[in-house]
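Chemist:
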Amino acid sequence: MRKFILVLLLFNGIVTNAQPTPQEAQALTTAEVDRAAQLYSELLSSRTSQEKDKAGMELLTRLNRKDVPTALINEQEWHDWVAKNLFSTKFKSVAEADALRAENLRLTKQLVLENKEFFDLVAKASQAQIVQIMGKRKFALPDVK
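Each residue of the sequence shown is one higher than the last, beginning at 1 in our numbering.
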């Protein structure tokens, strides 16, 4: 799916079957990979993660499978797109869509803040290590500046 949707579905989906190769440089030590895997397990069971997953699925459902352009990263572009395409979504109003997007972003930021050690480790990990840490789940580091 598009970049915007990947951010909203931070922990949903399936990763390609990437396997570590001997040529691939390992960015984390074995102990760091083990620690990241433990932190990931804790993250997934957290209340914030569960709320984020629920809000992300609600947003996708209400978009009614409408293809959202990748450029809809900033708030104004999102707002304008929803206003133009409201009829083809399940939102009752633009304000409702804006509020659900804002809630998704709030939960994403909260998830990152609550799991700083995990995100710091994953930011340094190779692709193969990310697959090792998270199994077959898709992952995109959110930009929460």
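Even for Gly, the Cβ is constructed at its ideal location relative to N, Cα and C.
Along the chain, where does the alpha helix (DSSP H) containing glycine 56 start, and where does it finish?
Modeler: It spans 47-62 - the alpha helix (DSSP H) in which glycine 56 sits, taken as one unbroken run.
Chemist: In whole angstroms, what separates the C-alpha of arginine 35 from that of glycine 56?
Modeler: Spanning the two alpha carbons is a distance of roughly 27 Å.
Chemist: Rounded to whole angstroms, what's the CA-CA distance from threonine 21 to serine 88? Just pull it up for me.
Modeler: In this prediction, threonine 21 has a pLDDT of 47, which is less than 50 and means its spatial position is unreliable; what the coordinates show is noted afterwards. One C-alpha to the other measures close to 45 Å.
Chemist: Here's a check: name, in chain order, each residue in its chain whose Cβ is nearer than 7 Å to the Cβ of glutamine 129, leaving out the five neighbours to either side.
Modeler: The residues are Gln26, Ala27, Leu28 and Val33.
Chemist: In the DSSP assignment, find the alpha helix (DSSP H) that holds phenylalanine 119 and state where it starts and stops.
Modeler: Here the alpha helix (DSSP H) through phenylalanine 119 covers 116-124.
Chemist: For a test of the three-state rule: what should DSSP assign to threonine 30, helix, strand or coil?
Modeler: Correct three-state label for threonine 30: helix.
Chemist: Within this structure, are the beta carbons of leucine 111 and serine 45 separated by less than 8 Å?
Modeler: The answer is no: Cβ separation not under 8 Å.
Chemist: Sort Glu114, Asp98 and Leu107 by Cα distance to glutamate 207 and report the nearest one.
Modeler: Shown here, the chain extends from 1 to 145; a query on residue 207 therefore has no answer.
Chemist: If I'm right that leucine 100 touches leucine 60 with Cβ under 8 Å, what's the distance once you round it to whole angstroms?
Modeler: The Cβ separation is near 10 Å, so there is no contact.
Chemist: Rounded to a whole number of angstroms, what is the C-alpha to C-alpha distance between serine 126 and lysine 92?
Modeler: So the alpha carbons of these two residues sit roughly 43 Å apart.
Chemist: If I'm right that lysine 90 touches arginine 62 with Cβ under 8 Å, what's the distance once you round it to whole angstroms?
Modeler: That pair is a contact at about 4 Å.
Chemist: Using only the alpha-carbon positions, how far apart do glutamate 75 and leucine 121 sit?
Modeler: In a straight line, the C-alpha of glutamate 75 is about 29 Å away from that of leucine 121.
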